[in-house]
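Student: Sending over a structure as structure tokens; questions will come in a sec.
2 protein chains.
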Amino acid sequence: MYRAPVDTIAFTLKHSAGFAAAQAEGIYDDLGDDLLEAVLSEAGKFAGDVIAPLNRIGDQRGAVFKDGAVTMPPGWKEAYTAWAGAGWNGLAGPTEWGGQGLPWAVNAACIEMWNSASAAFMVGPTLTMAGIDALAAHGSDELKRTYLGKLISGEWTGTMQLTEPQAGSDVGLLRTRAERHNGAYKITGQKIFITYGEHDLTDNIIHLVLARLPDAPPGTKGISLFLVPKFLVNPDGSLGERNDVRAHSIEHKLGIHASPTCTMVFGDNGGATAYLIGEENRGMACMFTMMNDARLAIGLQGLGIAEAATQQAVAYARDRKQGRAPGMPASQTTPIIVHPDVKRMLLTMRALTNAARAICFATAVAIDRQHRAADEAQRRAAHERAALLTPIAKAFSTDIGSEVSSLGVQVHGGMGYIEETGAAQFYRDARIARIYEGTNGIQAIDLVTRKLPLSGGETVRAYINELRGTVAEVEASNDPAFGTTGHCLGDAVQQLDRTTSWLLGKIEREPDTALAGATPYLRLFGLAAGGCALAKDALAAQRAGNPGSSVAIARFFATNIANAAAGLAATVIEGADALSVPPDAIG
Amino acid sequence: MYRAPVDTIAFTLKHSAGFAAAQAEGIYDDLGDDLLEAVLSEAGKFAGDVIAPLNRIGDQRGAVFKDGAVTMPPGWKEAYTAWAGAGWNGLAGPTEWGGQGLPWAVNAACIEMWNSASAAFMVGPTLTMAGIDALAAHGSDELKRTYLGKLISGEWTGTMQLTEPQAGSDVGLLRTRAERHNGAYKITGQKIFITYGEHDLTDNIIHLVLARLPDAPPGTKGISLFLVPKFLVNPDGSLGERNDVRAHSIEHKLGIHASPTCTMVFGDNGGATAYLIGEENRGMACMFTMMNDARLAIGLQGLGIAEAATQQAVAYARDRKQGRAPGMPASQTTPIIVHPDVKRMLLTMRALTNAARAICFATAVAIDRQHRAADEAQRRAAHERAALLTPIAKAFSTDIGSEVSSLGVQVHGGMGYIEETGAAQFYRDARIARIYEGTNGIQAIDLVTRKLPLSGGETVRAYINELRGTVAEVEASNDPAFGTTGHCLGDAVQQLDRTTSWLLGKIEREPDTALAGATPYLRLFGLAAGGCALAKDALAAQRAGNPGSSVAIARFFATNIANAAAGLAATVIEGADALSVPPDAIG
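Protein chains in written order, with the working numbering: chain A, 1 to 587; chain B, 1001 to 1587.
Okay, here's the thing in structure tokens:
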């Protein structure tokens, strides 16, 4: 069973992710280590003690749809109520609406743990939190007064409604219709793949819905964002009549069975009452506020599942006895963890997981700096850093969630394929995170076409220079325990640098050539960034006099994983021509 | 829906896999292209028309266990009966027992197609065929007379029973007990994970069971192989009384739901009647006869699923419209296949699938040569070639089955996570193939410790020299359509060569150092071998005046996939030290 690795989480957050530096600079006011550790420790305890035990029954029973209502699995409502009641949903929410106003970085660390306990559980609050951000940033005072407190307390949950059958990655194709009506709006249409679109955890659900006004221009410039409550809210805050929106059905999915994925129907009886968020036709901008936080949160989901799968595989490999170590008598057997091949799998799981954590947390600290830094230039630089890292946090970490949970199945051997061990559930649950909140392909395209060009390429170059600084520190340490870590990471950063320059030169003139390499480039970025972060934490752990296994993990990552960098760079730069085949040739 | 790519299969079989060369040398007697193509075409038709339509209901309903009996999904018994009735089960079976005596290579091509149609269907006959091999090679005349004909016709099926709860990869730990009794044996014990251990497709099931005699030495040297029929067979061939063996339960698995995975109990009433195959305590040698063919067949399962997943993803990507190609007006949308990132996924799927096919088929041709070549030296060389390639065919192809089916899910976006599209079923079904018939880790260990040292390393060196020959041919072709294919493949082969030499120098003196790199080495081997095979087929297609997309696929593989070779070589050679951490450091 999952146990939250609170110390490791706190260490990575403080060191490679830069939380301690931000503290020292006063970004976090007077938030001290005591509070930080207390929060992480309590969140971890809740994750392990309350949420994790519900993950399996959530998978087995799943959310059940009947007559328009969704019944959550046994124990889920109680756990959610306790979780929200403890204030966890509002951890990073604004204090003026009852939130605790803690840094997003602290929230991110907690989101990891809750996802380790149950991704199907945590994906609901993830969307509520994203909705809170959008409403706080773009909502009218009246909307905030009516909805924000209840969303922050978790008494009500939120949804994020973009997708329609013909409009997935291409949101601009959506057709859901909004008409002006008595100072508000009426919405008619259908949405699909709506996470927690209907459930029985709370007595109201607040839908944030993208729709199109009759006179809106086509494409993404004609999309507006609306708030559509399941139950209308009376002026005194009590619940009024049922709005004209309903769940039509839920999907039968590969994983996260307890997360109800709904088809939503608006306007059976003339249209669902809706309230505009922000300005008409500016819905995409509001939605991007939600999406960036949600993307990091989905990266944390990949990370969380990877951590849980790693813990389970390590425990299994310590317990399961098969074969002998060299020189062992034939009558004995050894735990499989001593076999080099199994060790490779476990080290890969651990190193990838830790690298994903470092990247996600660094992204969260950048998000905090973008809101909290003292001057505008710092906030702007932090905003661009967060923007740069978000697609990597999302895509790299969720790829890792799948890869690590697949290795987890493999470590279990035949038992891994049997559902009762839980290894297969991690494998199934992790798969969605590479798809939703923007597929990982979309993340890679975002990285190459929108993030690399930020500030004329200076944003990414400044980041790469920081990585180079870490490489120099490793080399300067002259510690033989690092082996060839410095050399391997130096090469990875160099490959990232040259590939970045090459892409920056291609984006405008040959977009398809640049886009052809987007996915391997994102992977290369993740390897260089993750490898340097692990080395940075290892150096910090050495300085703190408690290196533990951090040097060994950093070394393994650099010399066994990050050395894929040169091949990836070659794929981006020299491989793109091979994609210029006509689509008909692919059959 | 799956359509068998008969032409592609025939081309790869004939060219890179060496079937045509073997034909020309007389290895296949007078087997002509007409017969070959007729067989492949009929097998493909059966796969697409009869088996494929049952794959989904097999997944949804699964095999059902009740009161010791297993009921197969609707339509499965009819399909199996028709399949066996058409003689497919005995395609490569010995003619003296009613088989058709066709080459294993032809059978392998058919096994790919049947696995594309339904892996859960084909894994049953795969084990029957392996049992036929073991019985034909090691069984007494009486056992052959009683069982071989019915197994070859498919009127009865076979199982392969090694695993016990404490004995998985470490077969030597098995405890199932055999006692001598009236000239035969009585077996008592329990086996787990027995594929098609019980079902209602046929009226008898012939279990091949590993067990230990009371006076047997410990470990693998004290294991004997027994034949245990579900129903005893009367002297006239009719079925007699029920034997003392039963299915206790079936597993709830991640995938291949229609394949009943049974826990088998022997000896509720004093012991199951059993007949020795081969000699006492020599069971492992007999079992290896089964396992090598079964390993290739499982490689073909990975390949088959990859092919089916690729076909479905390509069809979806041609149909699904999202976004615009550069320069397209905003009012239009394009099939997603034109987007470079999607194209990369589809080309990766196609190239990996074709590479796996080439390796599997080359292994099958080597197996044929080992049995059919004219002189002993040729048979011996072919035997070692088959032995060398088998772990690669198994592990590389099944890794590819998972990777390709995962990309298939990704191409479908959100729809890929919904079970109704079938993309997720491929992903679930494919995962087992990396585990059973020897985990892919075991395959890698087998490759490094047993196969590289064959003939003092000459077997692998001769193979690498052949790869070098292909590289030289590509370079000599001077065809600009190949781009940097020759250069990239040359590097991959060079990396394979140096890594092989390094490993050969380590196996004896530092086994753990060699074993640490076994898995990345096997991948490197697969990339070099697969890349050269695709180039060889492309050259052959050019010579035949019909290159189609073969050059583009070979080029993509070389310049976008096989260029991982240098990183993998570095992992094996320079990364091994990073694994010398104590197991306690991995947490």
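Every residue, glycine too, gets a C-beta built ideally from N, C-alpha and C.
Residues of the stretch 551-563 of chain A with a CB closer than 7 Å to any CB of chain B: list them in chain order, please.
Tutor: A552, R555, F556, T559, N560, N563
Student: Is Y275 of chain A helix, strand or coil by DSSP?
Tutor: strand
Student: Touching or not, the stretch 508-518 of chain A and the stretch 480-494 of chain A, by the rule of three or more beta carbon pairs under 8 Å?
Tutor: no
Student: State buried or exposed for T353 of chain A, treating a residue as buried only when at least 16 other CB atoms are found within 10 Å of its CB.
Tutor: buried
Student: Since Q1645 of chain B is in the alpha helix (DSSP H), which residue starts that stretch and which ends it?
Tutor: Absent from the structure is residue 1645 of chain B, since the part of chain B shown begins at 1001 and ends at 1587.
Student: In chain order, which continuous runs of the alpha helix (DSSP H) of length 4 or greater are located wholly inside the stretch 1438-1505 of chain B?
Tutor: 1440-1446, 1458-1477
Student: Can a CB atom of chain B be found closer than 8 Å to the CB of H252 of chain A?
Tutor: yes
Student: Tell me which same chain residues have a C-beta within less than 8 Å of the C-beta of P1074 of chain B, skipping the five on either side of it?
Tutor: Excluding residues within five positions, the ones whose Cβ falls inside 8 Å are I1057, R1061.
Student: Against E420 of chain A, what residues of chain B qualify as contacts under a CB-to-CB distance less than 9 Å, listed in chain order?
Tutor: Chain B residues near E420 of chain A: E1251, H1252.
Student: Does R1357 of chain B come within less than 8 Å of chain A when only Cβ atoms are used?
Tutor: no
Student: Note down, in chain order, all residues in the stretch 1429-1440 of chain B with a beta-carbon under 8 Å from any beta-carbon belonging to chain A.
Tutor: R1431, I1432, R1434, I1435, Y1436, T1439, N1440
Student: Restricting to Cα atoms, I'd like to know which of A:T188, A:G101, A:H252 is closest to E1420 of chain B.
Tutor: Among A:T188, A:G101, A:H252, the Cα nearest to that of E1420 of chain B belongs to A:H252.
Student: For D341 of chain A, which residues in chain B fall below 7 Å Cβ to Cβ?
Tutor: Those are G1441, A1444, I1445, L1515, A1518, T1519, listed as they occur along chain B.
Student: Under 8 Å between the Cβ atoms of K19 of chain A and W88 of chain A?
Tutor: The displayed chain sequence assigns Phe, not Lys, to residue 19 of chain A. The answer is no: Cβ separation not under 8 Å.
Student: Can you confirm whether R1061 of chain B, when its beta carbon is compared against all beta carbons of chain A, has any partner nearer than 8 Å?
Tutor: No, R1061 of chain B does not count as interfacial toward chain A.
Student: Helix, strand or coil: which one does DSSP assign to P583 of chain A?
Tutor: The three-state reading of DSSP puts P583 of chain A in helix, counting H, G and I together.
Student: Please compile the residues from chain A whose C-beta is within a distance smaller than 9 Å of the C-beta of Y1196 of chain B.
Tutor: Neighbours of Y1196 of chain B on chain A: none; closest Cβ ~15 Å, over 9 Å.
Student: From N243 of chain A to G48 of chain A, what distance separates their C-alpha atoms?
Tutor: Between N243 of chain A and G48 of chain A, the C-alpha separation is close to 37 Å.
Student: One question on the structure: do S1397 of chain B and F1426 of chain B come within less than 8 Å of each other, judged by their Cβ atoms?
Tutor: no
Student: For R372 of chain A, which of A:L31, A:H15, A:T263, A:M1 has the nearest alpha-carbon?
Tutor: For the residues A:L31, A:H15, A:T263, A:M1, the minimum Cα distance to R372 of chain A belongs to A:L31.
Student: Using the beta-carbon count (16 or more within 10 Å), is S118 of chain A buried or exposed?
Tutor: buried
Student: List the endpoints of the continuous beta strand (DSSP E) containing Y1417 of chain B.
Tutor: That residue, Y1417 of chain B, is in no beta strand (DSSP E); its alpha helix (DSSP H) goes 1414-1417.
Student: With a cut-off of 8 Å on the beta carbons, I'd call G1255 of chain B and G414 of chain A a contact; round off their distance for me.
Tutor: Contact doesn't hold; Cβ gap of about 13 Å is too wide.
Student: Is E574 of chain A close to chain B, meaning its C-beta is less than 8 Å from at least one C-beta of that chain?
Tutor: yes
Student: Does G1189 of chain B come out as helix, strand or coil in the three-state DSSP assignment?
Tutor: strand
Student: What residues are listed by DSSP as bridge partners for P1335 of chain B?
Tutor: B:K1321
Student: Under 8 Å between the Cβ atoms of V209 of chain A and Q166 of chain A?
Tutor: no
Student: Mind checking which residues open and close the alpha helix (DSSP H) that includes F557 of chain A?
Tutor: No alpha helix (DSSP H) contains F557 of chain A, which DSSP labels as neither H nor E.
Student: Output needed in chain order: residues of the stretch 159-175 of chain A with a Cβ under 9 Å from some Cβ in chain B.
Tutor: T163, Q166, A167, G168, S169, D170, G172, L173
Student: Considering only their Cβ atoms, is the gap separating K1077 of chain B from D1236 of chain B smaller than 8 Å?
Tutor: no
Student: Below 6 Å CB to CB, which residues in the same chain sit around T1188 of chain B once its five sequence neighbours on both sides are set aside?
Tutor: R1177, F1266, G1267, G1271
Student: Nearest CA to the CA of D1203 of chain B: which residue from B:E1155, B:A1285, B:I1027, B:L1151?
Tutor: B:E1155
Student: Is the beta carbon of L389 of chain A within less than 7 Å of some heavy atom of the ligand NAD?
Tutor: Looking for the ligand NAD in the displayed structure turns up nothing, as the structure carries no ligands at all.
Student: Helix, strand or coil for A566 of chain A per DSSP?
Tutor: helix
Student: Could you check the C-alpha separation between K144 of chain A and L503 of chain A for me, to the nearest Å?
Tutor: 43 Å
Student: Pick helix, strand or coil for T1202 of chain B, following the three-state DSSP scheme.
Tutor: coil
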